[in-house]
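Visitor:
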Amino acid sequence: MSKIMPFTGAQAVANAMRQINPDVVAVFPITPQTEIMMQFAKFHADGDVDTELVRVESEHSAMSCCVGASAAGARAITATASAGLALMWEILGVASGSRLPIVMPVVNRALSSPINIHCDHSDAMGCRDHGWIQIFNENAQEAYESVFLAVKLAEHPDVLLPAMVCLDGFITSHGVQNMELFEDKEMKDFVGEYQPKKWLLNTDDPVTVGPLELQDYFFETQKQRADAMMKAKEIYLSVGRELSKITGKEYPYFEGYQLDDAEAVIIVMNSTAGNTKAVIDKMRSEGKKVGLLKPRLFRPFPYEEIAKALSGKRYAAILDRAESYGANAPLYGEIKNALYEVQEKPKLKSYIYGLGGRNIFEAEIENVFETLLSGDFDPMEVGHIGLRGESQ
Amino acid sequence: MAKLKSYKEIPIGGMIEKAGNSEDFKTGDWKTFRPVWNKEKCTNCMICPVLCPEDCIPVEKGEKPVRKETDFDYCKGCGICAKVCPVKCIEMKEEAGFNE
Ligand code: SF4
Ligand code: SF4
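Note that the protein sequences, when read in sequence, are chains Z and A. Residue numbering for the first sequence follows the working numbering, beginning at 57 and increasing consecutively. Residue numbering for the second sequence follows the working numbering, beginning at 34 and increasing consecutively.
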């Protein structure tokens with residue numbers, strides 16, 4: 057039997073880690089991720105897990121520790137945010153390049169500078185092309201379930217890539233929500249034991265991990281990594297179906313909310329999707345055809361599926377909680393990409409919102425919908441929600 | 034050099050599945066100078082085999098050890114052997130002149 061618990065997102069994720077009972081967890085504090093590891097360290101101290109808890113001296117070391125552990129044959133997890141993720145950057149590539157299925161909750165927080173501890177997605181977006189699977193989550197419940205999905209997907213023999221589970225800093229990580237906690241045994245059985253085919257500590261079958269590759273083989277190895285990432289797309293769905301049997305939930309590439317007959321669509325990830333749903337309920341009661349498309353799998357990106365869902369829609373606004381300086385905002389760019397081959401494309405509008413934890417209000421989301429429905433907007437101009445000096 | 038394999042034929046992530054395979058990696062193919070050894074003049078003093086940084090000057094063991102021809106698969110052409118030889122019986126010659 058599952059239980060309903062009043063958990064923060066951090067508690068939810070820490071409980072997922074408790075149920076998984078990883079072989080190795082590398083811990084280093086960074087706001088607002090610290091809460092996860094604080095919880096997990098308590099489970100460790102109480103003997104709820106028999107994980108090897110490694111207290112490292114930086115995030116660079118945390119990821120290095122996970123790389124070593126994973127190569128050795130262990131199931132390894134760490135968690136981070138913002139500058140911590142940035143400091144890991146070099147080793148993130150070692151993890152994915154060496155095809156090590158490390159799992160990492162990322163509590164999304166703005167990147168310096170100026171220093172800021174609150175939510176935006178610039179940390180995860182900064183490493184979106186680094187060979188990590190990225191799953192975005194609206195709330196504690198989704199983040200909790202995604203940790204299990206991530207473990208199983210990352211370790212799938214046809215994938216073997218590391219995976220990030222992204223949740224909004226403070227909003228999700230520290231906000232208390234009612235969430236459904238599934239039974240320890242069921243979740244433990246779902247992830248099972250990590251069974252690598254080759255591992256460093258197997259003295260009967262010695263291998264070398266992470267050697268030098270120059271002009272002769274580097275290119276071939278990158279092609280394998282790219283193929284594995286594409287493979288992860290279909291396996292995400294099959295692992296999701298397996299998880300559904302326990303949770304009763306669905307794990308699509310994206311969630312559609314009042315999407316089918318919507319004329320105006322907002323595309324947004326993580327917690328703001330929740331606010332958008334509330335706005336949609338209100339506007340639908342007024343007879344306005346508005347809907348939501350909330351991507352969950354950002355890497356690999358489900359281009360064709362999103363293109364299909366948006367084909368024939370009149371208007372869509374893409375809300376990015378990150379800048380891409382000198383380029384299209386990350387999510388907007390992907391959506392625009394996805395639509396290239398579509399005949400009946402919606403007219404698009406890119407919005408930046410919520411940088412450094414700037415609040416976004418329902419009235420502002422409603423405003424975006426109204427702008428879309430009016431059809432009176434310049435698709436080439438980037439909008440900024442809640443930015444002083446700009447009338448929306 | 035063995036024929037290079039396609040991305041479908043190699044282990045993932047650059048993993049090397051065969052232990053001790055550095056033997057197969059010929060490191061001497063980038064030398065620009067080759068030590069040409071005059072066997073007749075050599076006194077088998079054993080200075081060059083000891084000082085060669087690549088350990089690629091073979092020695093036949095025995096009561097009186099005997100220097101053998103350099104292993105060019107691994108010689109990087111640094112010229113140390115030529116420099117240290119007391120009887121100057123090693124001459125460094127441009128690799129381009131040799132066809133292997
Ligand atoms: S040239 Fe250098 S590497 Fe080659 S045999 Fe002489 S000492 Fe050794
Ligand atoms: S240093 Fe000169 S003399 Fe001595 S072993 Fe080498 S080649 Fe022969």
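Every residue gets a Cβ at the ideal spot worked out from N, C-alpha and C, and that includes glycine. If you're wondering where the values come from, they're calculated on a predicted model, not measured in any experiment.
Enumerate in chain order the residues of its own chain whose CB-to-CB distance from residue 177 of chain Z is below 6 Å, with the five nearest sequence positions on each side excluded.
Guide: Correct list, in chain order: 164, 377 and 378.
Visitor: Can you tell me whether residue 205 of chain Z is buried or exposed, with buried defined as 16 or more other CB within 10 angstroms of its CB?
Guide: Buried, since its Cβ has 16 or more Cβ neighbours within 10 Å.
Visitor: How is the beta strand (DSSP E) around residue 191 of chain Z delimited, first residue to last?
Guide: It spans 189-193 - the beta strand (DSSP E) in which residue 191 of chain Z sits, taken as one unbroken run.
Visitor: Is the segment 272-281 of chain Z in contact with the segment 102-113 of chain Z, if contact means three or more CB pairs nearer than 8 Å?
Guide: The segment 272-281 of chain Z, when compared against the segment 102-113 of chain Z, does not touch it at the 8 Å Cβ threshold.
Visitor: Determine the burial state of residue 415 of chain Z: buried for a count of at least 16 other Cβ atoms within 10 Å of its Cβ, exposed for fewer.
Guide: Classification of residue 415 of chain Z: exposed, given that the 10 Å Cβ count is below 16.
Visitor: Beta carbon of residue 68 of chain A: closer than 6 Å to some heavy atom of ligand 1?
Guide: Indeed, a heavy atom of ligand 1 lies less than 6 Å from the Cβ.
Visitor: Report the option in Z:408, Z:272 and Z:288 whose CA atom is closest to the CA atom of residue 58 of chain A.
Guide: When only C-alpha atoms are compared, the closest one is Z:272.
Visitor: Less than 7 Å separating the beta-carbons of residue 398 of chain Z and residue 363 of chain Z?
Guide: Cβ distance < 7 Å, so residue 398 of chain Z and residue 363 of chain Z count as in contact.
Visitor: Kindly say whether residue 50 of chain A, judged by its beta-carbon, lies nearer than 7 Å to any beta-carbon of chain Z.
Guide: So yes, residue 50 of chain A belongs to the interface.
Visitor: Looking at chain A, is there any beta carbon in it that lies within less than 7 Å of the beta carbon of residue 251 of chain Z?
Guide: By this cut-off, residue 251 of chain Z is not an interface position.
Visitor: Looking only at C-alpha atoms, which of A:96, A:130, A:128 and A:86 sits nearest to residue 77 of chain A?
Guide: Of the candidates A:96, A:130, A:128 and A:86, the one whose C-alpha sits nearest the C-alpha of residue 77 of chain A is A:96.
Visitor: Span of the beta strand (DSSP E) holding residue 202 of chain Z?
Guide: It is not in any beta strand (DSSP E) - residue 202 of chain Z instead sits in the alpha helix (DSSP H) that spans 196-211.
Visitor: Count the other CB atoms, across all protein chains shown, that sit within 10 Å of the CB of residue 214 of chain Z; report buried if there are 16 or more and exposed otherwise.
Guide: Residue 214 of chain Z comes out exposed.
Visitor: In chain order, which beta strand (DSSP E) runs of at least 3 residues are fully inside the segment 347-379 of chain Z?
Guide: As far as the segment 347-379 of chain Z is concerned, its whole beta strand (DSSP E) runs of at least 3 residues are 353-355 and 371-376.
Visitor: What does the Cβ neighbour count give for residue 12 of chain A, buried or exposed, with the cut at 16 atoms within 10 Å?
Guide: Nothing about residue 12 of chain A can be read from this structure; chain A reaches only from 34 to 133.
Visitor: Report yes if the C-beta distance between residue 154 of chain Z and residue 217 of chain Z is below 7 Å; otherwise report no.
Guide: No; because the gap between Cβ atoms is not below 7 Å, this pair is not in contact.
Visitor: Using a 10 Å radius around the Cβ and a threshold of 16 neighbouring Cβ atoms, would you call residue 259 of chain Z buried or exposed?
Guide: Label assigned to residue 259 of chain Z: exposed.
Visitor: Within the present structure, is the beta-carbon of residue 113 of chain A separated from the nearest heavy atom of ligand 2 by less than 6 Å?
Guide: Not so, every heavy atom of ligand 2 lies at least 6 Å from the Cβ.
Visitor: Residue 48 of chain A and residue 263 of chain Z - do their beta-carbons sit closer together than 7 Å?
Guide: A contact, by the Cβ cut-off of 7 Å.
Visitor: In chain A, what lies closer than 7 Å to residue 263 of chain Z by C-beta?
Guide: 48, 49 and 50, listed in chain order.
Visitor: Grab the span of the alpha helix (DSSP H) containing residue 147 of chain Z for me, first residue to last.
Guide: Counting along the chain, the alpha helix (DSSP H) containing residue 147 of chain Z begins and ends at 138-153.
Visitor: Determine the chain A residues that contact residue 277 of chain Z at a beta-carbon separation under 7 Å, and present them in chain order.
Guide: The answer, in chain order, is 46 and 47.
Visitor: Given a cut-off of 7 Å, decide if residue 88 of chain Z and residue 231 of chain Z are closer than it, judged by their beta-carbon atoms.
Guide: Going by C-beta atoms, residue 231 of chain Z is not nearer than 7 Å to residue 88 of chain Z.
Visitor: Unbroken beta strand (DSSP E) runs of length 3 or more, entirely within the segment 281-353 of chain Z: which are they?
Guide: Counting whole runs of 3 or more residues, the segment 281-353 of chain Z contains the beta strand (DSSP E) stretches 310-313, 320-323 and 346-351.
Visitor: Just to confirm before moving on: does the CB-CB distance between residue 161 of chain Z and residue 69 of chain Z stay below 7 Å?
Guide: Cβ distance < 7 Å, so residue 161 of chain Z and residue 69 of chain Z count as in contact.
Visitor: Once the 5 residues before and after residue 105 of chain Z are set aside, which same chain residues still bring their CB inside 6 Å of it?
Guide: Taken in chain order, the residues that qualify are 74, 77 and 99.
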